[in-house]
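Below: one structure, written as structure tokens.
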Amino acid sequence: MIKLLKYLALPAFFLIYGLFSAFSQEILTGIEINQPVRDRHLDPGPATLKSLDAGMLELPFFDDFSQSDVYPDQGKWSDKYVFVNNDYPVNPVSIGVATFDAIDHTGALYSHASTWPFVADSLTSLPINLDYLPEDSIYLSFFYQPQGKGDMPQSHDSLRLEFYSPENDEWNNVWSVPGNSLHDFRLVMIPVTAPEYLREGFRIRFSNIASLADNHINPGAMGNGDHWNIDYIYLNRDRTFSDTVFRDVAFVRPLESLLNNYESMPWNQFQQGRVAEMASVIPVTYRNNDNVTRNIRRQFSIFNVQENRPVHSFSGGTANIGASSIQEFNADLAYSFSGSGSHYQDFRIKAWIETDYFDFKGNDTVTYLQSFGDYFALDDGTAEKGYGLSGGGTENARLAYKFNAYTPDSLQAVNIYFNQSLNNASRQYFHLAIWDDNNGKPGNRIYSLEGVRPMYGETLNSFHTYHLDHAVPVSGVFYVGIIQTSTDFLNIGWDVNRDNSHRIFYNIHGDWKNTSFEGSLMIRPVMGSSPVTSVTDNLLDKPSVRVYPNPAARVLYIDAGPGLDRNMVRYKLYNRVGQMVYQGTGHDRSIDLSSFLPGIYFLRVESGSAVLETKKIMITK
Numbered sequence: 034m035i036k037l038l039k040y041l042a043l044p045a046f047f048l049i050y051g052l053f054s055a056f057s058q059e060i061l062t063g064i065e066i067n068q069p070v071r072d073r074h075l076d077p078g079p080a081t082l083k084s085l086d087a088g089m090l091e092l093p094f095f096d097d098f099s100q101s102d103v104y105p106d107q108g109k110w111s112d113k114y115v116f117v118n119n120d121y122p123v124n125p126v127s128i129g130v131a132t133f134d135a136i137d138h139t140g141a142l143y144s145h146a147s148t149w150p151f152v153a154d155s156l157t158s159l160p161i162n163l164d165y166l167p168e169d170s171i172y173l174s175f176f177y178q179p180q181g182k183g184d185m186p187q188s189h190d191s192l193r194l195e196f197y198s199p200e201n202d203e204w205n206n207v208w209s210v211p212g213n214s215l216h217d218f219r220l221v222m223i224p225v226t227a228p229e230y231l232r233e234g235f236r237i238r239f240s241n242i243a244s245l246a247d248n249h250i251n252p253g254a255m256g257n258g259d260h261w262n263i264d265y266i267y268l269n270r271d272r273t274f275s276d277t278v279f280r281d282v283a284f285v286r287p288l289e290s291l292l293n294n295y296e297s298m299p300w301n302q303f304q305q306g307r308v309a310e311m312a313s314v315i316p317v318t319y320r321n322n323d324n325v326t327r328n329i330r331r332q333f334s335i336f337n338v339q340e341n342r343p344v345h346s347f348s349g350g351t352a353n354i355g356a357s358s359i360q361e362f363n364a365d366l367a368y369s370f371s372g373s374g375s376h377y378q379d380f381r382i383k384a385w386i387e388t389d390y391f392d393f394k395g396n397d398t399v400t401y402l403q404s405f406g407d408y409f410a411l412d413d414g415t416a417e418k419g420y421g422l423s424g425g426g427t428e429n430a431r432l433a434y435k436f437n438a439y440t441p442d443s444l445q446a447v448n449i450y451f452n453q454s455l456n457n458a459s460r461q462y463f464h465l466a467i468w469d470d471n472n473g474k475p476g477n478r479i480y481s482l483e484g485v486r487p488m489y490g491e492t493l494n495s496f497h498t499y500h501l502d503h504a505v506p507v508s509g510v511f512y513v514g515i516i517q518t519s520t521d522f523l524n525i526g527w528d529v530n531r532d533n534s535h536r537i538f539y540n541i542h543g544d545w546k547n548t549s550f551e552g553s554l555m556i557r558p559v560m561g562s563s564p565v566t567s568v569t570d571n572l573l574d575k576p577s578v579r580v581y582p583n584p585a586a587r588v589l590y591i592d593a594g595p596g597l598d599r600n601m602v603r604y605k606l607y608n609r610v611g612q613m614v615y616q617g618t619g620h621d622r623s624i625d626l627s628s629f630l631p632g633i634y635f636l637r638v639e640s641g642s643a644v645l646e647t648k649k650i651m652i653t654k
């Protein structure tokens with residue numbers, strides 16, 4: 034009888050173990066905070082929302098979102114709820130789209146967001162003069178795409194378009210489409226011929242109906258979703274339903290890093306790994322929206338920001354591009370980054386196409402800032418999703434990210450981007466860990482820092498710096514990551530536009546596995562022994578200072594948080610070579626930047642003999 038019970042118990046054990054293991058998994062979810070939008074909300078800059086009585090817009094009305102960033106052009110639109118970006122679209126009509134989701138203009142989930150359908154983003158035009166006759170044949174056209182690189186809107190979600198009737202003072206729904214999976218951008222043509230719209234003060238309004246995924250079992254993973262992308266909005270007279278050809282050649286993707294493996298890396302590491310890291314081409318992608326073959330010329334330049342001078346320029350030659358086609362071109366690059374600085378360098382890369390005189394010129398140029406600082410970065414700095422390990426058995430789960438030091442160095446800190454989650458459900462303690470290499474997978478743990486948890490900031494990109502209590506020497510391949518202390522989802526920033534999945538490993542049941550998702554973790558090891566970047570402690574509840582805008586051009590504002598004695602506080606601004614260029618007191622509310630050169634700076638906040646925090650500042654002109 035005992036033997037029988039023993040054999041009966043074995044299947045039950047394996048069944049329970051199997052169920053237990055099945056619930057432990059890696060998760061990819063939407064974000065609750067859109068940090069670029071949050072940053073722009075906190076610092077709107079010189080552009081302000083125009084009054085509706087600022088003047089009537091005249092035809093043609095056109096926007097392809099290539100001339101604005103984060104918020105839509107306030108010279109055309111009266112609200113700023115959509116996210117203007119290059120992160121979410123897949124093969125747009127031209128670079129830049131307006132993305133509709135469940136996040137408002139402050140960068141946070143709408144306060145009325147729920148698992149039930151709700152009205153989320155809107156994009157409303159300023160008043161337009163449509164004092165025309167029906168025979169003037171006015172049409173509105175635009176392209177739309179569900180999901181993109183974001184979350185698929187469900188069938189009960191929708192994208193819709195309304196027209197405003199000045200005559201009746203009311204909005205009327207004229208078009209809508211239910212949620213669907215990803216497909217190419219589709220063109221919509223709508224006539225505007227009803228007399229009630231042919232008046233001064235006509236307006237258009239796009240909006241979306243969204244709903245949050247019901248994830249009450251794992252609230253730390255509840256976040257943004259239901260993405261729609263809109264591009265190339267065009268309203269004009271003398272059009273027909275078949276007026277679907279756009280005589281425009283445009284870039285459709287932004288420039289990316291000219292390093293083979295990293296978005297950014299320490300300058301000394303690049304100098305040692307130049308042969309392996311320096312790209313041999315500049316890849317660009319552009320699209321011919323015309324129905325005939327077009328001829329264009331490609332041009333490129335590289336500018337050293339620190340030395341304020343051009344260092345390389347060349348032509349990529351002329352070429353024909355077929356009708357309605359996308360062209361990928363790799364421009365041969367006979368150049369390697371070099372500069373007089375010994376620690377930091379920044380280079381601005383620019384590509385542009387020369388097209389026919391009738392082309393729209395706003396989408397013909399793309400730029401990228403190649404930054405060499407004191408950290409390795411594999412992500413582009415913007416989180417489209419959140420990543421984590423959750424479920425039974427993950428209370429000791431490990432997550433590791435692979436990097437390579439081309440010359441022996443010391444690891445001083447780790448920058449991690451954590452997405453904020455609903456009600457801070459993901460703010461659980463974890464151990465920061467470093468491993469050496471074991472045949473292409475994490476090997477021995479060589480360092481761990483206990484008692485840390487996700488921290489969020491309000492500055493650009495919101496990376497939080499976790500400083501190690503002592504420098505850790507590394508050489509060759511090493512891994513940086515976390516060890517969980519609970520089964521809760523920690524929600525680390527996930528960049529969908531850079532695929533480094535081969536570098537991401539997780540370990541739940543004793544063996545290391547590669548992630549099943551394509552993308553990049555937003556974890557960055559900080560190297561070297563710079564006194565500017567190794568002075569912050571890991572106190573979880575220390576008083577903080579908000580610095581904005583970042584990047585800044587004219588003035589940097591400083592907002593000291595509660596708990597700081599301004600009489601004891603000092604601010605010190607350092608340039609990239611460690612020279613102090615400004616010193617102020619806690620009573621200073623701003624710093625005049627007019628005399629500073631563009632580039633990367635570090636603002637150190639001190640109180641008495643203690644260093645409270647150090648913030649990286651980008652100054653532009």
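If you use my numbering, the sequence shown closes out at 654, no skipped numbers anywhere. All C-beta atoms, glycine included, are put in the ideal place defined by N, C-alpha and C.
Within the same chain, 504, 505, 506, 507, 560, 561, 562 come within 8 Å of residue 443 by CB-CB distance, once the 5 residues on both sides are set aside. DSSP places residue 116 in the uninterrupted beta strand (DSSP E) bounded by 116–118.
Shown here, residue 362 sits in a strand according to DSSP, grouped into three states. Among the bridge pairs identified by DSSP, residue 581 is matched with 590. Comparing alpha-carbon positions, the option among 607, 403, 627 lying closest to residue 311 turns out to be 403. In this structure, residue 193 sits near residue 240, with a CB-CB distance shorter than 7 Å. Around the C-beta of residue 132, 16 or more other C-beta atoms lie within 10 Å, and the residue is accordingly described as buried.
Residue 337 and residue 413 do not touch by the CB rule: their CB atoms are close to 22 Å apart, not below 8 Å. Residue burial is scored here from C-beta neighbours: residue 557 has at least 16 other C-beta atoms within 10 angstroms and is therefore classed as buried. Of the residues 278, 222, 296, 417, the one whose Cα lies closest to the Cα of residue 140 is 417. A contact is defined here as three or more CB-CB pairs under 8 Å, and the stretch 391–402 fails this definition with respect to the stretch 420–431. One Cα belongs to residue 293, the other to residue 520, and the distance between them is close to 36 Å. An exposed status is given to residue 622, since fewer than 16 other beta-carbon atoms sit within 10 Å of its beta-carbon. The alpha helix (DSSP H) runs of length 4 or more contained entirely in the stretch 247–309 are, from start to end of the chain, 300–305. For residue 199, the closest of 227, 350, 591 by C-alpha to C-alpha distance is 227. In this structure, residue 232 lies away from residue 197, with their beta-carbon atoms at least 7 Å apart. Ranked by Cα distance from residue 126, the options 581, 218, 92 are led by 218. Annotation for residue 208: the continuous beta strand (DSSP E) segment containing it runs 203–211. Judged by their CB atoms, residue 399 and residue 356 are not nearer to each other than the 7 Å cut-off. When the five nearest sequence neighbours on each side are left out, the beta carbons in the same chain lying within less than 6 Å of the beta carbon of residue 99 are those of 127, 128, 129, 395, 396, in order along the chain.
Unbroken beta strand (DSSP E) runs of no fewer than 3 residues, entirely contained in the stretch 350–404, are found at 359–365, 378–387, following chain order. Shown here, residue 535 sits in a helix according to DSSP, grouped into three states. Scanning 523, 512, 380, 242 for the CA closest to the CA of residue 537 turns up 512. Residue 260 sits close to residue 183, with the two beta carbons spaced by under 7 Å.
Under the three-state reduction of DSSP output, residue 647 falls in the strand class. When rounded, the separation of the alpha-carbon atoms in residue 386 and residue 173 is 28 Å. When secondary structure is reduced to three states using DSSP, residue 101 falls in the coil class, being assigned neither helix nor strand. For residue 353, the CB contacts under 6 Å within the same chain, skipping 5 residues up- and downstream, are 326, 328 in chain order.
Along the stretch 106–157, the beta strand (DSSP E) occurs as fully enclosed runs of 3 or more residues at 116–118, 130–133, 151–157, listed in sequence order. In this structure, 650 is the residue among 628, 485, 650 with its C-alpha nearest to the C-alpha of residue 635. Here DSSP, grouped into helix, strand and coil, assigns residue 520 to coil.
Around the beta carbon of residue 390, fewer than 16 other beta carbons lie within 10 angstroms, which makes this residue exposed. Beyond the five residues adjoining it in sequence on each side, residue 343 comes within less than 8 Å, by CB distance, of 334, 335, 336, 337 in the same chain, given in chain order. Among the bridge pairs identified by DSSP, residue 483 is matched with none.
Note that the C-beta distance between residue 201 and residue 89 is not below 7 Å. Between residue 206 and residue 195, the alpha-carbon positions lie close to 4 Å from each other.
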